[in-house]
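What the sequence shown shows, in the numbering used here, is residues 2 to 69, in sequence order. Ideal Cβ positions, reconstructed from N, Cα and C, are used throughout, including at glycine. Predicted, not measured: the structure shown is a model, and the values here were computed from it. To start, the structure itself, in structure tokens.
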Amino acid sequence: MWDHNVITDALDRPRNIQSKGSIGDIVTDTDKAAEVAAVAVISAAFPDHAILGEEGGVITGSVRSEYL
């Protein structure tokens, strides 16, 4: 099950914003944590599927899928 607390808990905390290199391309700790949580849910349900995440890159699998 999706842990919605990853996002709602971040509402009351200061943002840790980092640049990913180019102007306007930023990432927060919440972005990273939400992606980890989403990948965990998808991987648990579909362990053989590949996943492409904006922050974490490619997680390889034997089944080509369209999770972004």
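Open item on the list: I'd like the span of the alpha helix (DSSP H) that includes Ile43, first residue to last.
Closed with: Residue mapping note: residue 43 aligns to position 42 of the sequence shown, counting from 1. Ile43 -> alpha helix (DSSP H) spans Asp30 to Ala46.
Open item on the list: Within the continuous beta strand (DSSP E) that includes Ile52, where are the two ends?
Closed with: Position 51 of the sequence shown holds residue 52. Note, Ile52: beta strand (DSSP E), His50 to Gly54.
Open item on the list: DSSP three-state label for Ile24, please.
Closed with: Here the question's residue 24 lines up with position 23 in the sequence shown. Coil.
Task: Contacting residues, own chain, Cβ-Cβ under 8 Å from Arg14 (five flanking each side not counted) - done: Counting from 1 along the sequence shown, the entry for residue 14 is found at position 13. Here the set comprises nothing.
Open item on the list: On a Cα-Cα basis, can you pick out the residue from Ile24, Asp30, Gln19 and Gly22 that is closest to Asp10?
Closed with: Indexing the sequence shown from 1 puts residue 10 at position 9. Taking each of Ile24, Asp30, Gln19 and Gly22 in turn and checking the Cα distance to Asp10, the smallest one comes out for Asp30.
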